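Novice: My questions all concern the structure below.
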Amino acid sequence: GRRPRVLSGIQPTADSFHVGNYLGALRQWVDLQATHEAFYSIVDLHAITVEHDPELLRRRTRIAAAQLLALGIDPERSTLFVQSQVPAHTQLSWVLECLTGFGEASRMTQFKDKSVKGGADRSSVGLFTYPILQAADILAYRADLVPVGEDQRQHLELSRTLAGRFNGRFGPTLTVPSPHILKETAKVYDLTDPSAKMSKSSPGGALDLLADVKGSVKKIRSAVTDTGRDVVFDPENKPGVSNLLSLLSVFSGTPVPALQASFEGRGYGDLKKELGEAFAAFVTPLQASVKEYLDDPAELDALLTVGAGRAREVADATVSDVYEKVGL
Ligand code: ADP
Ligand code: NA
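The sequence shown begins at 14 in the UniProt record's numbering and counts up one residue at a time.
As structure tokens, this is what we get:
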């Protein structure tokens, strides 16, 4: 039989991914390539559900691709592609929309979160149906596993529900996907407010992979810590320090308990210094690699075209199957 298949997507909505994206999602993308047949998508159709600038979107799509390649997504082993280059996503999405209840779609929290500022009346229908397109993204590849951050659990649940509903109505066709969440680092917190998750919407507390390294080191140095002075991993009582320890663990490759032991008798200043060094050592070569990809956009686009071709083969087969079953 085939290797289990994994599908994941990320929006090209920022000039850089941040450490939360990396730990909550992208690091797993890289690791899963060893054991899975992987499909990784830059989901530009999702990025137009809110107001956007066309040129900026095009640029950010390339920046996203360059970062994924630099982080270790191997285009020989995995299928890396841009969502809008595979029409099957929107074709399947329509069928799934027709299987989704209006109330069911209304209960998706992301729409509520993102539409709060402008009000639901002024939000696009695309934003409303976004989780259904996301379900299509996953189901089109008959993915077994979907690596997601905690915050995406609800959307994956909808994908599972819709796959099950389709199969129940029309006979076994779609694979019901399972979530794959990396526990310890599933959530990265804001450096200026460790009660909030790190997010591109609060850039002050986010560590961007492509940001000026000196600036990032400075951000780490001024990260909010907690009362007391011992460097111990205690997310409940020491959320700031625990967040920094988790990050240092990832960037140094040292498990948290060993780190904690090494900081005995030392304070928060040392922790921040070591994290700054480890982060700089990680992002410096990464940034050089990203720059190389971006310096040759034609080559980058060609690589994405090959990826889209491979993705289309798989996704088109699912859509054919689905249309056939539905009577289209
Ligand atoms: P943002 O929250 O900055 O807008 P996205 O929503 O675009 O980021 O998230 C892209 C991916 O990165 C998702 O899989 C999400 O779960 C993950 N992710 C984002 N922020 C974090 C975080 N602080 N901790 C862990 N994972 C995160
Ligand atoms: Na978000």
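Heads up, the beta-carbon is just placed ideally off N, CA and C, and yes, glycines get one too. Since we're looking at a predicted model, the values are computed, not measured.
My guess is that A101 and V332 are in contact by the Cβ rule of under 8 Å, so how many angstroms apart are they, rounded?
Specialist: For this step, residue 101 is matched to residue 88 along the sequence shown. For this step, residue 332 is matched to residue 319 along the sequence shown. Confirmed, Cβ separation roughly 5 Å.
Novice: Return the first residue and the last residue of the beta strand (DSSP E) that P67 is part of.
Specialist: Counted from its first residue, the sequence shown places residue 67 at position 54. It is not in any beta strand (DSSP E) - P67 instead sits in the alpha helix (DSSP H) that spans P67 to L84.
Novice: What would DSSP say about G22, mapped onto helix, strand or coil?
Specialist: Mapped onto the sequence shown, residue 22 falls at position 9. Three-state result, G22: strand.
Novice: Take the Cβ of R173 as the centre, count every other Cβ of all protein chains shown within 10 Å, and call the residue buried at 16 or more, exposed below.
Specialist: Taking the sequence shown and counting its residues from 1, the one referred to as residue 173 is at position 160. Buried, by the Cβ-count rule.
Novice: In whole angstroms, what is the alpha-carbon distance linking E197 and M211?
Specialist: Residue numbering aside, residue 197 sits at position 184 when the sequence shown is read from its first letter. Residue numbering aside, residue 211 sits at position 198 when the sequence shown is read from its first letter. Any reading at E197 is ruled out, since the residue's pLDDT is 49, under 50, leaving its predicted position unreliable.
Novice: What I want to know is whether the C-beta of S172 ends up closer than 6 Å to one or more non-hydrogen atoms of the ligand ADP.
Specialist: For this step, residue 172 is matched to residue 159 along the sequence shown. No.
Novice: Starting from the N-terminal side, write out each stretch of the alpha helix (DSSP H) that is 4 residues or longer and does not extend beyond the stretch 100-176.
Specialist: Listed in chain order, they are 101-110, 115-119, 122-128 and 138-152.
Novice: If we ignore side chains and look at the alpha-carbon of each, how far apart do V245 and V254 end up?
Specialist: Counting from 1 along the sequence shown, the entry for residue 245 is found at position 232. Counting from 1 along the sequence shown, the entry for residue 254 is found at position 241. Rounded to whole angstroms, V245 to V254 spans 7 Å at the Cα level.
Novice: With respect to the alpha helix (DSSP H) encompassing A236, which residues constitute its N-terminal and C-terminal limits?
Specialist: As a position in the sequence shown, residue 236 is number 223, starting the count at 1. From DSSP, A236 is part of no alpha helix (DSSP H); its letter is neither H nor E.
Novice: Closest to I86 by C-alpha separation, out of G340, V237 and S302, would be which residue?
Specialist: The residue given as residue 86 occupies position 73 in the sequence shown. For I86, the nearest C-alpha among the options comes from S302.
Novice: Specify the secondary structure class of V332 as computed by DSSP and reduced to three states.
Specialist: Here residue 332 is taken as the residue at index 319 of the sequence shown, counted from 1. Three-state DSSP puts V332 in a helix.
Novice: With a CB to CB cut of under 8 Å and the five nearest residues on each side skipped, what residues in its chain are close to S229?
Specialist: Start at 1 with the first residue of the sequence shown, and residue 229 comes out as number 216. Contacts found: L220, D221, G289, F292, A293 and V296.
Novice: Would you mind working out which of L93, Y281, L105 and A148 sits nearest F118, comparing C-alpha positions?
Specialist: Looking up residue 118 in the sequence shown gives position 105. Looking at the sequence shown, residue 118 is not Phe but Ala. Selected option, being the one with the closest Cα: A148.
Novice: Per DSSP, what are the beta-bridge partners of T92 in this structure?
Specialist: Within the sequence shown, residue 92 is the residue found at index 79, counting from 1. DSSP, once it has assigned bridges, lists F52 as partnering T92.
Novice: For A209, count the other beta carbons within 10 Å of its own beta carbon; 16 or more makes it buried, fewer makes it exposed. Which is it?
Specialist: Here the question's residue 209 lines up with position 196 in the sequence shown. Counting Cβ neighbours within 10 Å, A209 comes out exposed, since fewer than 16 surround it.
Novice: Would you say the beta carbon of A156 is closer than 6 Å to some non-hydrogen atom of the ligand ADP?
Specialist: Reading the sequence shown from its first residue, position 143 is the one you call residue 156. With a threshold of 6 Å, the Cβ atom of A156 does not count as near the ligand ADP, since no heavy atom of the ligand is closer than that.
Novice: Roughly how many angstroms lie between the CA atoms of H65 and Y202, to the nearest whole one?
Specialist: On the sequence shown, position 52 is the one that residue 65 refers to. On the sequence shown, position 189 is the one that residue 202 refers to. Near 27 Å, if we compare the C-alpha coordinates of Y202 and H65.
Novice: According to DSSP, Y202 sits in a beta bridge with which residue or residues?
Specialist: Within the sequence shown, residue 202 is the residue found at index 189, counting from 1. In DSSP, Y202 forms a bridge with K210.
Novice: Would E238 and Y306 qualify as a contact pair, given that the criterion is a beta-carbon distance under 7 Å?
Specialist: Position 225 of the sequence shown holds residue 238. Position 293 of the sequence shown holds residue 306. According to the sequence displayed, residue 238 carries Thr and not Glu. For T238 and Y306, no; Cβs fall outside 7 Å.
Novice: Report yes if the C-beta distance between residue 7 and P25 is below 7 Å; otherwise report no.
Specialist: Outside the displayed range of the chain (14 to 341) lies residue 7, so it cannot be described from this structure.
Novice: Just checking G218 against the ligand ADP - is the residue's beta carbon closer than 6 Å to any of the ligand's heavy atoms?
Specialist: Within the sequence shown, numbered from 1, the residue matching residue 218 stands at position 205. Answer for G218: no, Cβ out of range of the ligand ADP.
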